[in-house]
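Colleague: FYI, UniProt numbering numbers position 177 of the sequence shown as 177, with every residue one higher than the one before it.
Take this structure, written in structure tokens, and hold onto it; I'll ask about it next.
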Amino acid sequence: PLDVAVGQPIPVVASHNRSRITFAHRDLPPPAPRRGLVVHSQLQVSQDGHFNRTYAAALRKAIFTHPKTKGVLTIHVGAGVGTLSIVAAAARLDCADHVVACEKSADLIGVAEACARHNEVGDRISFLQKDARNLVAHEEITRKADIALLECIDHTLIGDGILHYVEHLRNGFLQPNARLLPAAGVMKGMLVEMRTGEVHGVDMTMCDAYRWSKETRPIHLHKEKYTQMSEVFDIFVFDFADAKVEQQIEEMEVICSRDGRVSALVLWFDLILDEEIVVSTSPFGEPERTLGLGQGIVFLQPAECRVKRGATVPLVAATNGSELAFTINEDKLTRKSEVEVTGATRFDPRWEGARANLDDAWKKILTNMSYNPKDFKSMQDAVMRLAAQPTTFGITPWVAERCALTFLAE
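In structure tokens:
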């Protein structure tokens, strides 16, 4: 930071190489080089102002319910740059409170440690570069924790493994009456019509048949052209005090609110931090009070449906604890249902088979590489470089990011 006065000119030098543009003060020494191997989604939650304000309020509230005579131990999963770890450590400086902060990214851990030292709470936080599921009891955590703080949340709520983490922590790492932040989550959704239509006067509706994806894609609905085809409905409810990693299947009958086509399901979630504090990724909330993660979208199988107002769409939702799948149950469709599946299917089954084979091969490669930690670390660093600067290498950003997060998860 540089102190300046109104009207003061600032001499700036701009330079560039093949992939970067740099701006620096002409008369100041250059800053220390940074590796910059951080994926955008890793910072997305940490830099969300509304998320941090509401989480910090719930966290302080949970800490102050404990008597001062006994220090509070907090486990922070997915600590990122350590913002909430610092909040927990600084809440009661006159008490022996402590935080064990787990973060898989070495780069983020470095930033978090520097921030903690700058805020004079570095000795009250133990930063661990590891997956919280690999914590060693009685070594890295001396006793059972009073609070579990989980930032492992993505646009689907469960895609970053929050159910895996809470189930693991409940088995030997938390006090029987430990507070979980968040305490619960409610996944919500609605059916929409979302079609390609015309692009510069060219009819591109045939592209809609290829919009299916196995993953729930991130989306910011307010930036898209869509038509709401149903009321909002609940999909899954997760109480993190007893939620388990297991297969869940919900069969729903969703009533259409207008004539048109059902193309996709848009989903989001309400995150219940405690009895009073709730945050959401709803597309209908006030922007300043909504989490910046956006929503998820799934283009439904087997194809788009033509529907009439009042028609019932038989929707099947399934999860294994980290992934989601949604499909229209054709077996429940009749001529009287006023739901007609169009002839253009979402994907070629041969393509899906090839994709599954590629996924299997990818998992085998990762498994074999894990036997040689040195080779795995070198590959991990290379993949992180690609994900941090995907356009430099001509790679689609979300593809590079998904690949990098796969390496971090191993």
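Ideal Cβ placement from N, Cα and C applies to all residues, glycine included.
Being a predicted model, the structure only gives us computed values, none of them experimental.
To the nearest angstrom, report how far apart Asp242 and Arg133 are at their CA atoms.
Modeller: On the sequence shown, position 242 is the one that residue 242 refers to. On the sequence shown, position 133 is the one that residue 133 refers to. In a straight line, the C-alpha of Asp242 is about 17 Å away from that of Arg133.
Colleague: List, from N- to C-terminal side, the alpha helix (DSSP H) runs of 4 residues or more that fit wholly inside the stretch 155-237.
Modeller: DSSP runs (the alpha helix (DSSP H)) wholly in the stretch 155-237: 162-170.
Colleague: Candidates Lys144, Thr83, Ala88 and Phe238: which alpha carbon is nearest Ile109's?
Modeller: Numbered from its first residue, the sequence shown carries residue 109 at position 109. Minimum Cα distance to Ile109 is reached at Thr83.
Colleague: Compare the Cα-Cα distances from Ser213 to each of Phe51, Arg18 and Glu323 and report the closest residue.
Modeller: Taking the sequence shown and counting its residues from 1, the one referred to as residue 213 is at position 213. Measuring from the Cα of Ser213, the nearest candidate turns out to be Glu323.
Colleague: Following the continuous alpha helix (DSSP H) through Glu276, name the residue where it begins and the one where it ends.
Modeller: Position 276 of the sequence shown, counted from the first residue, corresponds to residue 276. Element bounds for Glu276: n/a, residue is neither H nor E.
Colleague: What do you get for Lys188, buried or exposed, if any count of 16 or more other CB atoms within 10 angstroms of its CB means buried?
Modeller: Translated into positions along the sequence shown, residue 188 becomes position 188. So Lys188 ends up on the buried side.
Colleague: Assuming Thr281 and Leu291 make a contact with CB atoms under 8 Å, what is their CB distance in whole Å?
Modeller: Locating residue 281 in the sequence shown gives position 281, where the first residue counts as 1. Locating residue 291 in the sequence shown gives position 291, where the first residue counts as 1. Correct: roughly 5 Å between the Cβ atoms.
Colleague: Kindly indicate the opening and closing residues of the beta strand (DSSP E) around Ser15.
Modeller: Within the sequence shown, residue 15 is the residue found at index 15, counting from 1. Segment Val12 to His16, the beta strand (DSSP E) holding Ser15.
Colleague: Counting along the chain, where does the beta strand (DSSP E) carrying Val313 start and finish?
Modeller: Position 313 of the sequence shown, counting from 1, holds the residue named residue 313. Thr312 to Thr319 is the span of the beta strand (DSSP E), which, as asked, contains Val313.
Colleague: Can you list, in chain order, the residues of its chain with a C-beta nearer than 8 Å to that of Ile21? Leave out the 5 residues immediately preceding and following it.
Modeller: Along the sequence shown, one-based indexing puts residue 21 at 21. Excluding sequence neighbours, Ile21 sits near Ala14 and Ser15.
Colleague: Could you give the DSSP three-state label for Cys403: helix, strand or coil?
Modeller: Position 403 of the sequence shown holds residue 403. Of the three classes helix, strand and coil, the one that applies to Cys403 here is helix, per DSSP.
Colleague: Which residue marks the beginning of the beta strand (DSSP E) containing Glu253, and which one marks its end?
Modeller: As a first step, residue 253 is located in the sequence shown; it is residue number 253 there, counting from the start. Residues Gln248 to Ile255.
Colleague: What do you get for Gln247, buried or exposed, if any count of 16 or more other CB atoms within 10 angstroms of its CB means buried?
Modeller: Taking the first residue of the sequence shown as 1, we reach residue 247 at position 247. Under this definition Gln247 is an exposed residue.
Colleague: Should the stretch 304-313 be regarded as contacting the stretch 252-272, the criterion being three or more beta carbon pairs within less than 8 Å?
Modeller: Contact holds: three or more Cβ-Cβ distances are below 8 Å.
Colleague: Note down, in chain order, each residue of its chain lying with its Cβ closer than 7 Å to the Cβ of Thr65, except the 5 sequence neighbours on either side.
Modeller: Start at 1 with the first residue of the sequence shown, and residue 65 comes out as number 65. Nothing meets the Cβ criterion.
Colleague: Does the beta-carbon distance from Thr312 to Cys256 come in below 9 Å?
Modeller: Residue numbering aside, residue 312 sits at position 312 when the sequence shown is read from its first letter. Residue numbering aside, residue 256 sits at position 256 when the sequence shown is read from its first letter. Taking 9 Å as the Cβ cut-off, Thr312 and Cys256 qualify as a contacting pair.
Colleague: So, helix, strand or coil for Ile141, using DSSP?
Modeller: As a working note, residue 141 is residue 141 in the sequence shown. Ile141 falls in the strand class under three-state DSSP.
Colleague: Within the same chain, show all residues whose beta-carbon is closer than 6 Å to that of Asp270, passing over the 5 residues directly before and after it, in chain order.
Modeller: Here residue 270 refers to the residue found at position 270 when the sequence shown is read from its first residue. Excluding sequence neighbours, Asp270 sits near Val186, Val278 and Ser280.
Colleague: Determine the direct distance from the alpha carbon of Ala317 to that of Lys332, and round the result to whole angstroms.
Modeller: One-based indexing of the sequence shown puts residue 332 at position 332. One-based indexing of the sequence shown puts residue 317 at position 317. Using only the alpha carbons, I get a separation of about 15 Å.
Colleague: What residues in its chain sit with their C-beta under 6 Å from that of His168, if we drop five residues either side in the sequence?
Modeller: Translated into the one-based positions of the sequence shown, residue 168 becomes position 168. Here the set comprises Arg133.
Colleague: What's the C-alpha gap between Asn177 and Thr74?
Modeller: Stepping through the sequence shown from its first residue, residue 177 is reached at position 177. Stepping through the sequence shown from its first residue, residue 74 is reached at position 74. Spanning the two alpha carbons is a distance of roughly 13 Å.
Colleague: Among residues of its own chain, excluding the 5 on either side of Lys144, which ones have a beta-carbon nearer than 8 Å to its beta-carbon?
Modeller: In the sequence shown, residue 144 corresponds to position 144, counting from 1. Within the same chain, Lys144 has close Cβ partners Leu73, Gly172, Phe173, Leu174, Gln175 and Ala178.
Colleague: Let me confirm a value: Lys104 is counted as buried when at least 16 other C-beta atoms fall within 10 Å, else exposed. Which label applies?
Modeller: Taking the sequence shown and counting its residues from 1, the one referred to as residue 104 is at position 104. It counts as buried.
Colleague: Give the DSSP-derived three-state secondary structure of Asp94 in the structure shown.
Modeller: Taking the sequence shown and counting its residues from 1, one reaches residue 94 at position 94. Here Asp94 sits in coil by DSSP.
Colleague: Could you check whether Met229 and Glu193 sit closer than 9 Å to each other, using their CB atoms as the reference points?
Modeller: Taking the first residue of the sequence shown as 1, we reach residue 193 at position 193. Taking the first residue of the sequence shown as 1, we reach residue 229 at position 229. Closer than 9 Å, so yes.
Colleague: For the structure I just gave you, are there three or more beta carbon pairs, one from the stretch 121-129 and one from the stretch 88-99, closer than 8 Å?
Modeller: Enough Cβ pairs lie closer than 8 Å, so yes.
Colleague: Exposed or buried, which one is Glu286 when buried takes at least 16 other CB atoms within 10 Å?
Modeller: Looking up residue 286 in the sequence shown gives position 286. Looking at its Cβ environment, which holds fewer than 16 other Cβ atoms inside 10 Å, Glu286 is exposed.
Colleague: Looking at the secondary structure, which residues open and close the alpha helix (DSSP H) in which Leu333 lies?
Modeller: Residue numbering aside, residue 333 sits at position 333 when the sequence shown is read from its first letter. Unbroken run through Leu333: none, as it is neither H nor E.
Colleague: Within the same chain, show all residues whose beta-carbon is closer than 7 Å to that of Pro389, passing over the 5 residues directly before and after it, in chain order.
Modeller: The residue labelled residue 389 in the question sits at position 389 within the sequence shown. Correcting the residue identity first, residue 389 is Gln in this sequence and not Pro. Around Gln389: Ser19.
Colleague: Can you have a look at Ile365 and say buried or exposed, based on whether 16 or more other CB atoms are within 10 angstroms of its CB?
Modeller: Locating residue 365 in the sequence shown gives position 365, counting from the first residue. The residue is exposed, with fewer than 16 neighbouring Cβ atoms inside 10 Å.
Colleague: When burial is assigned at 16 or more other CB atoms within 10 Å of the CB, is Met204 buried or exposed?
Modeller: Taking the first residue of the sequence shown as 1, we reach residue 204 at position 204. Classification of Met204: exposed, given that the 10 Å Cβ count is below 16.
Colleague: For the beta strand (DSSP E) holding Val307, just list the boundary residues, first then last.
Modeller: Along the sequence shown, read from residue 1 onward, the residue named residue 307 stands at position 307. Per DSSP, Val307 belongs to the beta strand (DSSP E) from Ala303 to Val307.
Colleague: Please confirm whether Ala148 and Leu181 have their CB atoms less than 9 Å apart.
Modeller: Locating residue 148 in the sequence shown gives position 148, where the first residue counts as 1. Locating residue 181 in the sequence shown gives position 181, where the first residue counts as 1. Cβ atoms of Ala148 and Leu181: closer than 9 Å.
Colleague: Report the residue from Gln129, Ile10, Thr156 and Arg350 whose alpha carbon sits nearest the alpha carbon of Phe326.
Modeller: Residue numbering aside, residue 326 sits at position 326 when the sequence shown is read from its first letter. Minimum Cα distance to Phe326 is reached at Thr156.
Colleague: Of the choices Cys152, Met384 and Lys377, whose alpha-carbon is the least far from that of Phe51?
Modeller: One-based indexing of the sequence shown puts residue 51 at position 51. Closest option to Phe51, Cα to Cα, is Cys152.
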